[in-house]
Structures are given as structure tokens and as C-alpha cells.
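Written out below as C-alpha cells is the structure these notes cover.
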Amino acid sequence: MENREQRGRRRPPQPQRQRKRRKKAVRRKYFDYTLLIMTMLLVGIGITMIYSTSSYTAYVKYNSAEYYLKKQLLYSILGLGGMYVTYRIDYHKYQKYWKAAGIIAVIMILALIPFGTKVNGAKRWLRFMGLSIQVSDVVKLAVIIVTASMICNMGKRYNKMRYVFFIWMFCGGIFAGLIWVVSNNLSSAIIIFGIVVMIAFVGYPYYLGHLSMLGAGGIAGFFAYQYLQRSTTSAADADNFRHARMLVWLNPEKYADTVGYQTVQALYAIGSGGIFGKGLGNSLQKLGFIPESQNDMIFAIICEEFGLFGAIFLMTVFGILLWRIVHVAQNSPDLFGTLLAVGVFAHIAIQVVLNIAVVTNTIPNTGVSLPFISYGGSSSVILLAEIGILLNISAQITREV
Amino acid sequence: MRLYTRHRKKVLFLGTAFFLMFVILIVRLSYLMIFQSEYYLERAQDLHERERNIKAARGNILDTNGVVLATNKTVCTISVIHSQIQDEDAVVKMLVDELELDEAKVRKRVQKVSAIERIATNIEKEKGDAIRSYDYPGVKVDEDYKRYYPFGNLASKVLGFTGSDNQGILGLEAKYDASLAGAKGQILTTTDAWGIELKGVKENRQEPKAGNNLYISMDYNIQKYAQQLAERVKEEKQAKHVSMMVMNPQNGDILAMVNVPEYDLNQPYVVTDAQKALLGEEGADLPKMEQLNRMWRNFCINDTYEPGSVFKMVTATAAVETKSVSLEEHFTCPGYAVVADRRIRCHKTTGHGTQTFAETVANSCNPAFIEWGRRVGTERFYQYMGKLGLLQRTGIDLAGEASTIIHKQEKVGEVELATMSFGQSFQITPLQMIRAAAAIVNGGNLVTPHFAVKMESPDGNEINEMEYSIQSGVIEPETSETMRGILKQVVETGGGHKAYIEGFSIGGKTATSQKLPRSSHKYIASFVGFAPAEHPKVMAMCLIDEPQGVYYGGTIAAPVVKELFENILPYLEIYKEKE
């Protein structure tokens, strides 16, 4: 590893050439319309699908079909306002106040212990001025700012694997660890840690360290899978719910009436959509068969109503959005902008992949919402705010004419 | 801090990695939504769709004049839908009170998490309406048909009854089930997760097709009268069973078939008191099903007996047709006959003296018939039994016909032939006997006894008339004519005189069959009669099983047929001959 790094250091820095080119470039105000349009499209799809999935059950439960629709509309307006605010804030400010962001995040997590609202045995919500805030969503934004800032502050010193580990431990350890321990929310912890790892990966000059870690992780996963398949334990008497979920993942229909219910119902929805789907509003699985289908399982209903075409269309919209974020990251005026963009990219990409993988039972069930589409106030507002940050970065891109 | 190309490459690396993950997920989605689609769709449909059967109205059974013998009445099925129940205790209490059911059982059903749970079926409409009037959510009252027999126990062993699913179980109900039942309809409704049917979703409905109406040859009036008569005789003679059959000997139409004790078709699973008395103390220990099976038996077709002297008409027919004996011939009965080394007694131990052939029939003289049988010989004897349908089932449209029990022809010796000549040492069903008698007097046509005459679609547009085979010429018409004359003489001057009605021309033959073992001294008294003797339009048979006291067929069975004839002959437009 030492050799690799030394060679890397010896290589003549390419940016010199770029600097020359940039001098010739004419600065022009730049705005990424594609990014904005894709975001608006996703928000629109989200609102439509939340109405479609929730109207029946909302009517049954609250005697109002628009119950969730109205709330989500409000969150979206709030989020778009927030997006405009972050668009107008120069992203460099975040680098100055990263400590404040980190401390606020930690305080919010710790505040969950006395003030958190308990839902299904886990404390994830803070009530604040009449609003319920899901702390893990706020932490995701905070961790992007903190990680990006720390790496930039290290500057050229950030070229040894031990610094990478330090970032992992410091940012990942504190935020992901606290979320896991305090609110018993493993999926959010995984996402937060994933964001940290990806920012750390982009900031670091070399590949070998990360790739060997990935290899080691893959091998460990393979053995874990082998062990799990030979396990004779039944999901019904597994020692904890995570172990049970693993067993359900391997054989969902065996547990269709108990712990595997949600997974199997999602598969029914996806499978019964077929190639072209049943059409908007015609899902049957949303009629209480998939509980709270406007949340994490919303993609299954999209599959049922719009079929494989609809599913691929939605993934394409996400793909274009992510491609635009990659574009912003690659063309950002400085490393901090790049790392912020990478953080947002990681946040959205990890959640999309995990959500679809869970819904299709490609990986064991864990609660991850689908960005922009799933119902949820904090998540909508935070994601739109992140898009605002990206728009601000992209506005500072100089491009050649 | 500045941005280097290596950073850009790393961003691209991440982008590519996620692009690949997207591709994997799309492959997974395609697999689920193309190749697994059918599987999941089917499973999902199972989950969403609730199938409700609509029973088809079962066809009626009507007698020859259109009197309805079996029909339907509206009853209710009570079910609960667990997810819709609001006040469980109230529902349980209501169901227990109204239906008089066991509370624990009802509670178990009500608490069961299922789409729909049946609580009770075949509930009277008034009760169903009462339950509906509570208007409890989650309690469903569905109207439904139940088979109903307006005349209760009339012809119970012929009509049969239906099961809880309206399927024919016994008798004509079972035999013509396919046509009577019609075709079930279906409603496929879509429901949400709580089992509530969705409005506005298209409902798949398949209308039921009502069953066809069955017209039978039975005449309600004759059946009813015969049944009353049989009940009275059973009472008078303290007999076990009394069976009566009335048939048109020309075509096999059965006008009445009575087997008392009958049972209530509206409660076929209740062992009647009469049946309990019949079964006695031993019978009470039998399993319920066995008791019921015995109660449901139709003696006329399900059981065999030794026909006794009635059978002599078969021996006589064979003797006449094969010219083994001339009508002018005389036979002297000493009161017994010696066959091989056995001495067989005549019922008149002092002997009948010298008789003509016709007189041997009228006197039912055993030694004479031993002689006639011997002259006919085993081979021709069996041949005529076969011709007259006594070696195979009659083919009546009721299930469970018993078959003949008889010696193998090769093993018949002198003694066997002798006893068979007067109707012993083999067993047939009463129906086989009346059919053979019909062939003997109707000119030699072996008919198929039957009930069903036609099937009519509910709207009356399609009519399917039944056809039954008649084997003509099994004996010569001349022989038949001779036999009619001889049998008329039996009633006018011989053992059957108690069936004689002034002014009517009636033929017949009596029998007193010993039940096996002969040492038990139990008898079946019987009589077969027909009128008018010259051209029989109606034939009746009466069997009295184990009468107390006098047990001679001529004494106790012949008067029953006489009384029957007195009442039904005018009804059948057979009038007194003008002097």
C-alpha cells in the first residue's frame, strides 16, 4: 500500500493543465434545469402516488381520502421553500459552520432519549413546534456537511488510510452509532455510515484500500449467507427480529402469514403488475393488504399500477437525477462542493437502491423510504434542501463557451 | 481545497457502481414482473377475490297428474365475517339465542380469523329474517333453497332426499340428480384486506341454471291410498313391513310403491319411532348410520325373498308353453310327493284329490307343481326364468337393486328342481316377481319397471321423454292368454277368492313364503292381482312381512289388494262389466 501511495504522490499533478484551461474560460451563470426538472417530476410522482396509495386506507381510518395527500402537499411546499433558501445560500458557508451542524445533530439525537415519541418501540421522532421531525433525516444532512468539511480541512494530509478510518470512526461512529443505539434504527445507521464511507472514498486519492475492504466485506457476506442457508432455525423462533428477517428473506412464502407478511404482500403487488400494470388507482394491494403502503412499500404499488414500464421509467428518472448530481460533483469549483454533492448522491442513491432491493426481496427487509416518493415530511424537506445545495453548487460552476 | 481529476474519476466510479446496481434491480424486477407475474397474480387474486356460490333451484318432482311431490323452500345460511364484527359478545349472544347453538362453538367460529365463517345452514326464513333485523355488522344472512317434501313420508323410499348441499342422496333424487340439480351460479367479488366488498369493481357473476322438473308415473292418489292401506294392515297384523306395488303391466309405469314404515323426508336423519320399534333392543345399539340405512331400505327392490306360490305362475307358464302338460290333463294329489328319498308335503296334508291343470294352480298344489317342474326339466326351467327376467335385475330407475340368489344350473338336482317349482330355495326381489307376472299376463312383453316419465326444463320448453326397453315375445301370446284365464280362475274359485270383487274380472295368485331359516316359522304373505283379467291395465302386489296370527297370503294379502282395487279401478276408468 505504501508503494502505491508513493507512486501516486510522485505523479505530476494533472490539475495544472486544467488551471490553464480555466483561465481561458468565460464565466457564465449556470443553472442545472435538468436537475430541477427531475426533482420536480419526482415530487409530482410522489404526491400522485401518495394520494393513490393512501386514499382508501385514509378514508377507512380518518374518514378523509385526502388526509395524507394534504399533509404531503404541505411538506412539499415547505420543502420547495427550503430548497430555494439553500439555493440562495453560498455552499461555502456550511464549511464554516460544520461544527455547529454536527453539534446540533448530536443534541437532537440525544434529545430523543427524554423527548422522543415512541412509535413501535423505537424513538425516532421529535415533536417541535407542532411538527414531528424524524431526527435521522436531519442527521443525514448534518453528516454530509461534517464529513465533507473535515476532509477538506485535512487538506493534503488526507492521503493515508488511517485518516480514512478516522473519518469512518469519527463521523460514522458518532452519528450512525448514536442513531442505531438511541433510536434502534439500523437502516438509517447503515445509510448514514454509507454516506460517510462514500464521501471519504471520493476525498481519498487511492482505490486499493477501499477495494480490499470491499473484497473482505464480500467474502464475509458470502460466508454469512452460507451459514444462514444452513440454519435450521425457524423465523418464528429466531432470537431477534433481524435474524428472523434474514430467514424470511430466504423463504418469504414460508412465513407469509407471520413475519414474512409484508414481504410476500409486496411481491404479490409487484408480480401482479405485470408488464403494463393495472393502471393508476387500480392497485388492490394498497387496500390494506400492504399496511401503510404510502411509506416504505410505495414502490410495490407503483409496480402494481404501472407495471414494469412504470418501474423502469421511475428508475430512469432517478438515474437522470443521479447523473446530474454526478455532473455537479465532477464540475464543482472545489473539493468541498464535490464532496457535498457526493454526500447528497450517496444519500439518494443508497436509499433508492436499498428501497427497491427490499421491496423486491433482493435483500432482507429493512425500513428504508424511497426518496421524494414515500410519504414523510422531514425526509421531503431535507431532500429538497439538499437539492437546493446542489443547485447552489452548480450555479458556481464555470464553463467554457 | 482544489479538485483534482482523481476526485472526478472517483465520483464517476461511484456513479458507475450505482448504475450497475440499478441494472441488477431492473433485471430482478423484470424477472418478478414478467416470469413470476402469473404466479403472483394468481396468488393475489386468491387473496382479493371472494367466491360466492349461488345455489340453483332444484327441479321439482311431480306425479303423473302434476302434483308436486318434492320442491324447494327458502331457507337461510348464517355466516360471520370476522373482520367486520364490531361487538363480538353481542353477536355471539344473538346467535346463541336465536339459533339455540352451543355458546363455545359459536364463539370459536366468531373468533376465527377467516374471510367468512359459516355458522348455520338451513335455517327457517322467519329466523333468518329475525337475525337480519338485528343488523349487526359482520353477520350475513344469505337466502338459499332447501328441499321440501309437501307430503312428508309419502313414497319416502322412492323419492329419496337431498343432502345439505342440495345434492341427491337416495332414491329418485339421487338417480336423477344431474338433471334435477341444475348448475350452480357464482359471484366473484373483490374485497379489501378487511373482507369488505369493493363497490365499483366489476363483479363477475354467473347466473345459476335451475334444474329440470321430473315427472314420474306415480299417482299421488293411488300412492296415498295404498300407503294408508298398508299402514292399516301393518297395524292390524302387527307385521314388520308391508309393501305394496301398483304397476301398469303393459308398459312398466309404476303407479305406487309403498314400504311401510316410511320415514319423514323432511327429517331423513331422524330414526322414526316405528323404525325404532322394528329394530328392537339390539337395533338400538347399532351405530346411527346403520339404523338409518335400515330405515331407508326399499324392501321392494333392495331385499330378496323366496317368492313362494306366486312363483307357480312361472312354472305353469313354462309347462304350458313347452307343452309339458296339456290343459285337459288331471293330477291326483295325495297330500305329499316323494322326490328322490325326500317326502315333500302339500300345504293341504289330506291331499287335493284329482284336479285339472287349472285347478292345480287354483289350489296351489305343491305335489302337482313338483310334477310340472320335473316335466319342464332344469334346463327349460332356467330358460323360462331367464325369459321372464328373474335372473337379472329389472333395470328400474332406483339404485341398489338386489340380484337373484339361485343355485348354479349344473348343481340343480331333483330335490332342488322340485322346491324351485313352487317358489322355494331361490330368492328374488318383489319387483322382479311383479315384472315376471306382468310379462305372463300382458301377452309376453317383458317391461322395464320405472318411475321417471319425462324431464322438463324450468320454462317448459324442453321436454325429454324417457324411453324404456320392452322385450316383446318372451312367451307366446296364446300362452299368456291361457295363463290369464287360469289366474282369473284362481281369484274366482281358488285360493285368491278373497280378492274377488263382484262385477270385476280379476286375476291373481297368492303366496305364503317361509322366511329362512324355515324353523323360525316366520312368513311373508303376499298376493299379486291384476285387472281386468282379459286385458290387464293394472297390476298390484301386496307383501306382508311377518304377520302375527293368520299368515296365509290368500287370507290376509288378497283382501288388501281387493280393497285397493275397489277404490282405484273406477279411478283408473276400469268399470264393472255390464251383466
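So the protein sequences, as listed, match chains A and B.
Note that our numbering has the first sequence beginning at -5, numbered continuously upward.
Note that our numbering has the second sequence beginning at 96, numbered continuously upward.
Every residue gets a Cβ at the ideal spot worked out from N, C-alpha and C, and that includes glycine.
Buried or exposed (CB count within 10 angstroms, at least 16 for buried), residue i
i: Glu299 (chain A); result: buried
i: Ile669 (chain B); result: buried
i: Arg236 (chain A); result: exposed
i: Met123 (chain A); result: exposed
i: Asn355 (chain A); result: buried
i: Glu146 (chain B); result: exposed
i: Ile145 (chain A); result: buried
i: His341 (chain A); result: buried
i: Lys18 (chain A); result: In this prediction, Lys18 (chain A) scores a pLDDT of 49, lower than 50, which makes its location untrustworthy; the coordinate-derived value is nonetheless stated afterwards. Answer is exposed; the Cβ neighbour count stays below 16.
i: Asp640 (chain B); result: buried
i: Leu302 (chain A); result: buried
i: Ser567 (chain B); result: exposed
i: Met340 (chain B); result: buried
i: Val655 (chain B); result: buried
i: Trp289 (chain B); result: exposed
i: Glu466 (chain B); result: buried
Min CB distance residue i to chain B below 8 Å
i: Thr392 (chain A); result: no
i: Met241 (chain A); result: Sequence inspection shows Leu at residue 241 (chain A); the Met mentioned does not correspond to that position. Answer no: the Cβ-Cβ gap between Leu241 (chain A) and chain B never drops below 8 Å.
i: Phe300 (chain A); result: no
i: Asp26 (chain A); result: no
i: Ala19 (chain A); result: Residue placement at Ala19 (chain A) cannot be trusted, given a pLDDT of 49 that sits under 50; what the coordinates show is reported in the next sentence. Judged by the 8 Å Cβ criterion, Ala19 (chain A) is not in contact with chain B.
i: Thr356 (chain A); result: yes
i: Gly282 (chain A); result: yes
i: Arg313 (chain A); result: Correcting the residue identity first, residue 313 (chain A) is Gly in this sequence and not Arg. Taking Cβ atoms only, chain B reaches closer than 8 Å to Gly313 (chain A), which makes this a yes.
i: Ile185 (chain A); result: no
i: Val336 (chain A); result: yes
i: Leu329 (chain A); result: yes
i: Ile350 (chain A); result: yes
Neighbouring residues, chain B, relative to residue i (Cβ below 8 Å)
i: Thr119 (chain A); result: It should be noted that the sequence gives Trp, not Thr, for residue 119 (chain A). None at all; the shortest Cβ gap to chain B is about 26 Å.
i: Gln279 (chain A); result: Ala139
Chain-ordered neighbours of residue i on chain A, where CB pairs are closer than 8 Å
i: Ser132 (chain B); result: Gly265, Ser266, Gly267, Gly268, Ile269
i: Tyr243 (chain B); result: Ordered by position in chain A, no residue passes the 8 Å Cβ test against Tyr243 (chain B), which lies about 41 Å from the chain.
i: Ile129 (chain B); result: Gly268, Ile269, Leu302
i: Ser125 (chain B); result: Leu302
Integer-rounded CB distance, given that residue j should sit under 8 Å from residue i
i: Asn354 (chain B); j: Ser338 (chain B); result: 5 Å
i: Glu401 (chain B); j: Ser621 (chain B); result: Rounded, the Cβ-Cβ distance is 10 Å, inconsistent with contact.
i: Ile295 (chain A); j: Thr47 (chain A); result: 5 Å
i: Leu106 (chain A); j: Val129 (chain A); result: 6 Å
i: Val366 (chain B); j: Phe546 (chain B); result: With 8 Å as the limit, Val366 (chain B) and Phe546 (chain B) do not qualify as a contact, their Cβ atoms being about 26 Å apart.
i: Ser368 (chain A); j: Asp131 (chain A); result: Between Asp131 (chain A) and Ser368 (chain A) the Cβ distance is about 11 Å, and since that is not below 8 Å, they are no contact.
i: Ala453 (chain B); j: Leu422 (chain B); result: 7 Å
i: Thr33 (chain A); j: Leu315 (chain A); result: 7 Å
i: Leu194 (chain B); j: Ala215 (chain B); result: 5 Å
Per-residue contacts from residue i into chain B (C-beta, under 7 Å)
i: Ser326 (chain A); result: Leu98
i: Thr332 (chain A); result: Leu98, His102, Val106
i: Met192 (chain A); result: Leu109
Chain A residues whose Cβ lies nearer than 7 Å to that of residue i
i: Ile121 (chain B); result: Ile306, Met309
i: Arg138 (chain B); result: Tyr262
i: Met384 (chain B); result: The contacting residues do not exist; Met384 (chain B) stays about 37 Å from chain A at best.
i: His143 (chain B); result: Leu278
Contact with chain A by residue i, beta-carbon distance below 8 Å
i: Ala288 (chain B); result: yes
i: Gly110 (chain B); result: yes
i: Thr284 (chain B); result: no
i: Ile180 (chain B); result: no
i: Phe117 (chain B); result: yes
i: Tyr135 (chain B); result: yes
Proximal chain B residues relative to residue i, where beta-carbon distance stays under 9 Å
i: Cys165 (chain A); result: The premise fails here: Cys165 (chain A) is roughly 17 Å from chain B at the closest Cβ pair, so nothing lies under 9 Å.
i: Trp317 (chain A); result: Gly110, Phe114
i: Phe339 (chain A); result: Val106, Leu109, Gly110, Phe113
i: Lys195 (chain A); result: Checking the sequence, you will find Phe at residue 195 (chain A) rather than Lys. Near Phe195 (chain A) (Cβ distances below 9 Å), the residues of chain B are Lys105, Phe108, Leu109.
Say whether the segment 357 to 373 of chain A touches the segment 120 to 129 of chain B, bearing in mind that this needs 3 or more beta-carbon pairs closer than 8 Å, one atom from each stretch. Under the three-pair Cβ rule at 8 Å, the segment 357 to 373 of chain A does not count as touching the segment 120 to 129 of chain B.
Using a Cβ distance threshold of 8 Å, determine whether the segment 491 to 507 of chain B contacts the segment 522 to 537 of chain B, with at least three qualifying pairs required. The segment 491 to 507 of chain B, when compared against the segment 522 to 537 of chain B, does touch it at the 8 Å Cβ threshold.
For the pair the segment 251 to 271 of chain B and the segment 114 to 126 of chain B, tell me if three or more CB-CB distances fall below 8 Å. Touching, no.
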